[in-house]
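K.L.:
Its first residue numbered 1, the sequence shown is counted upward by one per residue in this note's numbering.
Every residue gets a Cβ at the ideal spot worked out from N, C-alpha and C, and that includes glycine.
Starting off with a structure, shown below.
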Amino acid sequence: MANVVIDIYLNGDNEVGVIDLNPWGEPTDPLLLHSFDRDWSAVTGIVLMPAPTRISGDVAVSF
């Protein structure tokens, strides 16, 4: 799989939890947000990665 989209959760201890992992493309539906049209400077209580973010290289995902 060349391109994927990952929903992640970062907790207060800087631990990363993978919520969802799917192939990139139609339909790629966000689970946490219905739209990226928002004020990214506002505190939401969830730490979000800035959009868009590209992850590349030797990425290992385990569950």
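Under a three-way DSSP split, which group does Ile-55 fall into?
P.N.:
DSSP places Ile-55 in coil when its eight states are reduced to three.
K.L.:
Can you tell me the Cα-Cα spacing of Ile-6 and Leu-21, whole angstroms?
P.N.:
If I take the Cα positions, the gap works out to 5 Å.
K.L.:
Alpha carbon to alpha carbon, how far is Ile-55 from Gly-25? Give it in angstroms, no decimals.
P.N.:
So the alpha carbons of these two residues sit roughly 16 Å apart.
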